[in-house]
Every structure is written in structure tokens, then in C-alpha cells.
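Numbering (the numbering used here), first residue to last: 64 to 239.
We put the CB at the ideal spot given by N, CA and C, even for glycine.
Notes for the one structure printed next.
Here you go:
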């Protein structure tokens with residue numbers, strides 16, 4: 064099973080549409096898309112759902128409609144793997160996004176936690192859980208490149224990786 068993971072799209076402020084590199088990946092046998100918040104527009108859901116089913120949570124830049132639609136925390140079982148999905152923002156400024164994300168789920172409740180908020184790609188283990196932040200496909204902030212993530216699930220095996228790229232340009236229109 065192939066899951067494409069995005070967060071912090073901030074469309075339309077940071078980009079008018081999904082970047083070409085992300086679209087190419089979505090077109091390539093994607094089974095599920097996870098969005099870890101800061102959509103900032105329901106238009107992002109409409110763009111993503113063209114490629115595969117979408118699960119997501121709201122982030123701190125999402126309005127009431129997105130919050131009501133997606134909520135702040137979700138557990139998804141996909142291919143036998145328990146995935147915790149949360150944005151990673153919260154009231155304690157002393158905690159990092161990854162620590163807030165980890166605190167959102169009980170020990171052993173999930174196999175992997177997908178989160179966003181910081182725009183910083185993360186792939187690490189913390190207290191036995193895999194933490195995965197895909198970065199941002201449209202707002203790299205202080206990072207060298209834009210990014211999103213891919214989770215590959217086979218049985219109880221889960222592999223996570225980042226895809227890095229330099230341009231957030233939208234796909235070029237196909238010539239008739």
C-alpha cells in the first residue's frame with residue numbers, strides 16, 4: 064500500500080495549486096493521501112481527492128469549516144498499521160512539534176505518528192513510535208527544499224521516506 068503524506072500546504076497563500084512534483088507522485092498508484100493540517104482552504108482537499116481517498120486533520124491556520132470537517136486528531140488503520148495523525152501545534156511553546164505530536168497519543172496506541180506544523184521533515188523513533196513529518200510541499204521556510212512523504216506498507220512492515228524537490232511550480236497544461 065502506498066500512502067502519500069503532505070502537510071502545511073497553505074494553499075492559496077503559498078501556492079495556487081499542488082506542485083508538479085507532488086502531482087506526479089499522486090498519479091503513480093497512490094492508495095491513500097494523508098494531510099497533517101494547515102490546508103488553509105478546502106480547495107486543497109478537492110485537488111487531492113482526484114487521486115486517492117484523503118484523510119486529514121486541521122492545523123492552527125485552518126478555519127472553523129476545516130476544523131469541523133477534519134478535527135484535530137485521528138487514528139487510521141491502513142494495511143494493518145495504526146497511524147496517528149495530528150498537526151503538532153499546541154499551547155506549550157516549550158515543546159517541539161514532534162513532542163506535542165507524540166504526546167497526543169498514548170504509548171502503544173499507534174505504530175506511527177504523522178504530524179506537521181514545523182515545516183521541517185522528520186523521520187525518527189521516539190519511545191518506540193515512528194515519528195514522521197513530511198515537511199511542506201509549498202512553504203519550505205528555512206529548509207533547502209520543498210518536501211512531502213511516502214509511507215509504504217506491506218504486512219506489518221512500514222517504510223517511510225521523504226521526497227525533496229526545488230520547485231513548487233504547478234503542473235504544466237497538457238497540449239491538445
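Enclosing beta strand (DSSP E) for residue i [first to last residue]
i, result
"residue 131", "Residue 131 -> not in any beta strand (DSSP E); alpha helix (DSSP H) instead, spanning 127-133."
"residue 74", "That residue, residue 74, is in no beta strand (DSSP E); it is neither H nor E in DSSP."
"residue 80", "Careful: residue 80 lies outside any beta strand (DSSP E) and carries neither H nor E."
Own chain, CB closer than 6 Å to residue i, minus 5 neighbours either side, in chain order
i, result
"residue 122", "100, 101, 150"
"residue 152", "123, 180"
Segment limits, alpha helix (DSSP H) that includes residue i
i, result
"residue 228", "Per DSSP, residue 228 belongs to no alpha helix (DSSP H); it is in the beta strand (DSSP E), 220-228."
"residue 85", "83-89"
Contacts around residue i, its chain only, beta-carbon distance under 7 Å, and the 5 residues preceding and following it disregarded
i, result
"residue 65", "92, 93, 94, 213, 215"
"residue 142", "64, 216"
"residue 168", "147, 176"
Cβ-Cβ separation, residue j to residue i (assumed contact under 8 Å), whole Å
i, j, result
"residue 104", "residue 74", "5 Å"
"residue 89", "residue 108", "With a Cβ gap of about 13 Å, residue 89 and residue 108 do not count as contacting."
"residue 111", "residue 68", "So it is not a contact: roughly 11 Å between Cβ atoms."
Close Cβ partners of residue i (< 8 Å) along its chain, the five nearest in sequence each way excluded
i, result
"residue 165", "176, 189, 190, 192, 194"
"residue 172", "138, 145, 147"
Taking only runs of the alpha helix (DSSP H) that begin and end inside the stretch 95-173, which ones reach a length of at least 4 residues, in chain order? At a cut-off of 4 residues, the continuous stretches assigned as alpha helix (DSSP H) that sit fully inside the stretch 95-173 are 105-111, 127-133, 160-166.
Taking only runs of the beta strand (DSSP E) that begin and end inside the stretch 174-200, which ones reach a length of at least 3 residues, in chain order? 175-177, 185-189, 192-196
Please confirm if the stretch 123-133 is in contact with the stretch 157-166, defined as three or more CB-CB distances below 8 Å between the two stretches. No: fewer than three Cβ pairs fall under 8 Å.
Counting pairs of Cβ atoms below 8 Å between the stretch 218-231 and the stretch 192-210, do you hit three or more? yes
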